[in-house]
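Residue numbers (the UniProt record's numbering), protein chains in the order written: chain F, 1 to 339; chain R, 1 to 447. One structure below.
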Amino acid sequence: MIKKSILLAAVATVGVAGVAEARDQIRIVGSSTVYPFTTVVAETFGKKTGMPTPVVESTGSGGGFKLFCAGLGVEHPDFTNASRAIKSSEVETCASNGVEAVTELKVGYDGIVMANAKSAPSLELTKTQIYLALAKDVPQDGEWVANPYTKWSDIDASLPDAEIEVLGPPPTSGTRDAFLELVMEPGCESFAECEGLEKADFKARAFTLREDGRFIEAGENDNLIVQKLEANPAALGIFGFSFLDQNMDKVQGTVIEGEAPTFENIASGAYPVSRPLFVYVKTAHMGVIPGMEAFLQEYTDEAAWGPEGYLSDKGLIPMPDAERAEYRDAALNKVDNIN
Amino acid sequence: MTAESGTKSPTERMRATLRRRYAAERRFQAYGIVAIVVALSMLVTLFVTIIGNGAGAFVQHTARLDISVYPQDIDPGREADLDALARANYQSLVNDALYSMFPEATSRQDRRAVRDLISPGAKFVIRDMVMDDPSLIGQRVSVRVPLSSQYDQVLKGNVDPAVDFRVMRESSTEIPWSLPEGERLISDTQAGYLQQLIRQGEVEGSFNRWFFTNGDSRQPELAGIWGAAVGSMFTLMVTLLLSFPIGVSAAIYLEEFAPKNRLTDIIEVNINNLAAVPSIVFGLLGLAVFLQFFGLPRSAPLVGGLVLTLMTLPTIIIASRAALKSVPPSIREAALGVGASKLQCIVHHVLPLAMPGMLTGTIIGMAQALGETAPLLMIGMVAFVVDVPGSPLDPSTVLPVQIYLWADSPERAFTERTSAAIMCLLGFLILMNAVAVLLRKRFERRW
Numbered sequence: 001m002i003k004k005s006i007l008l009a010a011v012a013t014v015g016v017a018g019v020a021e022a023r024d025q026i027r028i029v030g031s032s033t034v035y036p037f038t039t040v041v042a043e044t045f046g047k048k049t050g051m052p053t054p055v056v057e058s059t060g061s062g063g064g065f066k067l068f069c070a071g072l073g074v075e076h077p078d079f080t081n082a083s084r085a086i087k088s089s090e091v092e093t094c095a096s097n098g099v100e101a102v103t104e105l106k107v108g109y110d111g112i113v114m115a116n117a118k119s120a121p122s123l124e125l126t127k128t129q130i131y132l133a134l135a136k137d138v139p140q141d142g143e144w145v146a147n148p149y150t151k152w153s154d155i156d157a158s159l160p161d162a163e164i165e166v167l168g169p170p171p172t173s174g175t176r177d178a179f180l181e182l183v184m185e186p187g188c189e190s191f192a193e194c195e196g197l198e199k200a201d202f203k204a205r206a207f208t209l210r211e212d213g214r215f216i217e218a219g220e221n222d223n224l225i226v227q228k229l230e231a232n233p234a235a236l237g238i239f240g241f242s243f244l245d246q247n248m249d250k251v252q253g254t255v256i257e258g259e260a261p262t263f264e265n266i267a268s269g270a271y272p273v274s275r276p277l278f279v280y281v282k283t284a285h286m287g288v289i290p291g292m293e294a295f296l297q298e299y300t301d302e303a304a305w306g307p308e309g310y311l312s313d314k315g316l317i318p319m320p321d322a323e324r325a326e327y328r329d330a331a332l333n334k335v336d337n338i339n
Numbered sequence: 001m002t003a004e005s006g007t008k009s010p011t012e013r014m015r016a017t018l019r020r021r022y023a024a025e026r027r028f029q030a031y032g033i034v035a036i037v038v039a040l041s042m043l044v045t046l047f048v049t050i051i052g053n054g055a056g057a058f059v060q061h062t063a064r065l066d067i068s069v070y071p072q073d074i075d076p077g078r079e080a081d082l083d084a085l086a087r088a089n090y091q092s093l094v095n096d097a098l099y100s101m102f103p104e105a106t107s108r109q110d111r112r113a114v115r116d117l118i119s120p121g122a123k124f125v126i127r128d129m130v131m132d133d134p135s136l137i138g139q140r141v142s143v144r145v146p147l148s149s150q151y152d153q154v155l156k157g158n159v160d161p162a163v164d165f166r167v168m169r170e171s172s173t174e175i176p177w178s179l180p181e182g183e184r185l186i187s188d189t190q191a192g193y194l195q196q197l198i199r200q201g202e203v204e205g206s207f208n209r210w211f212f213t214n215g216d217s218r219q220p221e222l223a224g225i226w227g228a229a230v231g232s233m234f235t236l237m238v239t240l241l242l243s244f245p246i247g248v249s250a251a252i253y254l255e256e257f258a259p260k261n262r263l264t265d266i267i268e269v270n271i272n273n274l275a276a277v278p279s280i281v282f283g284l285l286g287l288a289v290f291l292q293f294f295g296l297p298r299s300a301p302l303v304g305g306l307v308l309t310l311m312t313l314p315t316i317i318i319a320s321r322a323a324l325k326s327v328p329p330s331i332r333e334a335a336l337g338v339g340a341s342k343l344q345c346i347v348h349h350v351l352p353l354a355m356p357g358m359l360t361g362t363i364i365g366m367a368q369a370l371g372e373t374a375p376l377l378m379i380g381m382v383a384f385v386v387d388v389p390g391s392p393l394d395p396s397t398v399l400p401v402q403i404y405l406w407a408d409s410p411e412r413a414f415t416e417r418t419s420a421a422i423m424c425l426l427g428f429l430i431l432m433n434a435v436a437v438l439l440r441k442r443f444e445r446r447w
């Protein structure tokens, strides 16, 4: 029996030498925010065309670009999802590894919401107030002081007399990056003290969240944040719009700058905290890996990313008509639009 | 000698110490019982929550649709060509059946609400049926198709505790929602259509076979664990085929043949240390060696199995060496005494006696490997894979990864599926451990 299993193992190991040559299945890596949308498209594509369903890995935007830019050939992925645009350093890495032609496909928008439990009163905040509630140091009379605010009413008398307690994503998360950029940065800019700071100093001031237990890193799992909000009505949470959409019987979105986080408000651009989501296409693989064109067609189909499409059912906010047409053309004509 | 007050006789002193010793023993026993009660209550809480959350996933509400399989829709040429049949538009058949059940839904929005009642997977149920039996074309067939997960959740009482299937069927006028419309996940119009469908007697909850036969899906009502279970099976098969022979051979050599010197001491210490290395490290090693150096495919159970082999080897070697050590020297001496060679002595006498212990160690190592996700993250097995893998080289995922991915999904219905998948994984683990216990009980010999 032992002899037999050794033999089998040896055969198995030898048998795989040189298997990496052919691949008939699309491989996609990248952002966990875009993952729920790309996977739906992948599944629909697979069921519609009868081709192997693309394999979608959730590696985070940065991890996705690292794999995507590692080179050409079947061992490297064909698409990468990203919840931010590609950085120039990543474009360089790509180019130095031979990945020169890349098409950027914007697929839609994602809102980042703040929300609290239904059992608590709903909040209306401005970016400045959020900045004052969450920054590690805040400007006061020309000086930077450690954040003194413990209650929302300390920041503005019109806000409720409740402890500041915010659950949010950890620094590895793209949602956190976008939140810092879209809320904390303009929040800081509303103060004279932030003006004229060096770029690095500004980042340190605007992007450092308080560490005294009032901002709590709650992990990457947004479902967990929703559960914690339900259990603790005093807390606010920061997460993606799709989780608000799926749990609107448990939590309510906070109105930011006078706009409620609704599908319509995010689509029209009125809600201020939203970011574009992207899929990057390795155009050199088109024609080599079967099905890439058909996959792009499925993604850019009105039935998928249109206002009534199945991606909007999953919480992706569609782009305006003109923008959709522009990106569809770019993707289907392999336009290299990142350089 | 008279006993003075304050001093005690030797008997009394002895009684006092005896009492103290008994009391100490009772206290110690009480601590032990408390520890067991705490551990058990945690286990019970875990099982109760998981079973409570997950039991619902084994039931799926389905609706019966009368589908007219129009040839003009799916097979205009009447040639029953399987390729054409696979690509045909089955959604229109589903839509026609639904619209004829709800003739009053004419506006675009109403029709959308009606279409939403049924899972988008319904068309594939019908496609598979027609492709299995093309003679159905042109006939009227009655099919059970899954309800959309959001409505399924409503009927299970997971959306609003006050509303479930029975309430929906029996409440004639007002459905007792605990939240006003606009704040709940289902609107009055949608609820109305659902209620109408129930009243027509077309909805029933039945065993959710899709959960056990499908691969992953982004539609909770179609998502199943079969793909992940097969992936786990392939991965464990590779792990077992490699780690058992290698582990046992290493243990035999180290225990029976290797000279006792500085070098073997170092090897022994290192094996013990390897058993305590965090598993993610093995994943990084796998990425560097198997993927980047040998160029094996990403996400393949073969690579997963190789990585988990590295992880389980120390466990197996340590357990096997302990099993070999426990075989009494008299057995070896007797074998050598009647003229057996060292190899004969080991293969014919020592190994059979040590085998139950080795198998127990192996099974426990396998059970650990079954529950791992961290090392698989680096080699791309944390992925959305719909197709059920057909070989250890096809992309696949494993059960604990499936649980992780579902736990992170926004759709409400994935909550219960997560728990149900945990139940299945726990079932496998309990089964494997039970086999280990059984083997030990049956074959273990004591001297």
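Built from N, CA and C at the ideal position, the CB exists for glycine as well.
In the three-state scheme derived from DSSP, where H, G and I count as helix and E and B as strand, F/Tyr-280 is classed as strand. DSSP, reduced to helix, strand and coil, places F/Val-102 within a strand of the structure shown. Fewer than three Cβ pairs drawn from the stretch 373-385 of chain R and the stretch 117-136 of chain R lie within less than 8 Å of each other, which leaves the two stretches out of contact.
Excluding its 5 nearest sequence neighbours in each direction, R/Leu-296 has C-beta neighbours in its own chain below 7 Å: Phe-290, Leu-302 and Val-303, listed in chain order. Annotation: R/Val-141 is outside any alpha helix (DSSP H); the continuous beta strand (DSSP E) that includes it extends over 140-146. Only those residues of the stretch 57-69 of chain F whose C-beta falls short of 9 Å from the nearest C-beta of chain R are listed: Glu-57, Ser-58, Thr-59 and Leu-67.
Note on the stretch 257-324 of chain R: whole alpha helix (DSSP H) runs with a minimum of 4 residues are 262-274 and 279-286, in chain order. Look at F/Asp-249: its C-beta is under 8 Å from a C-beta on chain R. Taking the beta carbon of R/Asp-387 as reference, the chain F residues within 8 Å of it are Gly-46, Pro-52 and Thr-53, listed in sequence order. With fewer than 16 neighbouring CB atoms inside 10 Å of its own CB, R/Phe-293 falls in the exposed class. Within the DSSP bridge table, the entry for F/Gly-237 names F/Ala-115 and F/Leu-167 as partners. Listed as beta-bridge partners of F/Ala-82 by DSSP are F/Phe-278.
Taking the CA atoms as reference points, R/Ile-137 sits about 14 Å from R/Val-143.
In terms of CA proximity to F/Arg-214, F/Lys-151 leads the group F/Gly-253, F/Asp-141, F/Lys-151 and F/Cys-194. Note that the stretch 252-261 of chain R touches the stretch 315-325 of chain R; at least 3 beta-carbon pairs, one per stretch, sit closer than 8 Å.
Within chain R, not a single residue places a beta-carbon under 8 Å from that of F/Gln-140; the smallest gap is close to 40 Å. At a Cβ-Cβ threshold of 8 Å, R/Ala-374 and R/Gly-283 count as neighbours. Contact of F/Gly-168 with chain R is not assigned, every C-beta pair being separated by 8 Å or more. Under the criterion of beta carbons closer than 8 Å, F/Pro-54 and F/Phe-68 do not qualify as touching, at roughly 14 Å.
With contacts defined as CB atoms closer than 8 Å, R/Leu-425 and R/Pro-400 qualify as a contacting pair.
Chain F has no Cβ within less than 8 Å of the Cβ of R/Ala-354.
With 16 or more other Cβ atoms inside 10 Å of its own Cβ, R/Phe-414 counts as buried.
As the crow flies, the alpha-carbon of F/Tyr-131 is around 13 Å from that of F/Gln-140. Residues of chain F whose Cβ lies closer than 7 Å to the Cβ of R/Ala-383 are, in chain order, Val-55, Val-56 and Glu-57.
Distance between R/Asp-394 and F/Ile-289, taken at the CA atoms: about 16 Å. By the criterion of a C-beta distance shorter than 7 Å, F/Pro-77 is surrounded in its chain by Arg-27, Ile-28, Val-29, Leu-67 and Phe-68, once the five residues flanking it on both sides are discounted.
Taking the Cα positions, R/Gly-247 is about 13 Å away from R/Leu-274.
Boundaries of the alpha helix (DSSP H) around R/Val-238: 226-252. The distance from the Cβ of R/Thr-397 to that of R/Ala-223 is about 12 Å, inconsistent with a contact at the 8 Å cut-off. Taking all protein chains shown into account, R/Val-269 has fewer than 16 neighbouring C-beta atoms within 10 Å of its C-beta and is therefore exposed. Sequence-distant Cβ neighbours of F/Tyr-271 in its own chain, meaning closer than 8 Å and more than five residues away, are Gly-111, Ile-256, Glu-259, Ala-260, Pro-261, Thr-262 and Asn-265. Contact with chain R is absent for F/Ala-117, since none of that chain's Cβ atoms lies less than 8 Å from the residue's Cβ. Close to R/Val-435, with beta-carbon spacing below 7 Å, lies no residue of chain F; the smallest spacing is near 17 Å. Using a Cβ-Cβ cut-off of 7 Å, F/Phe-243 is close to Pro-410 of chain R, given in chain order. F/Pro-272 carries a coil assignment under DSSP once its states are collapsed to helix, strand and coil.
Rounded to the nearest angstrom, the gap between the Cα atoms of F/Ser-153 and F/Cys-188 is 19 Å.
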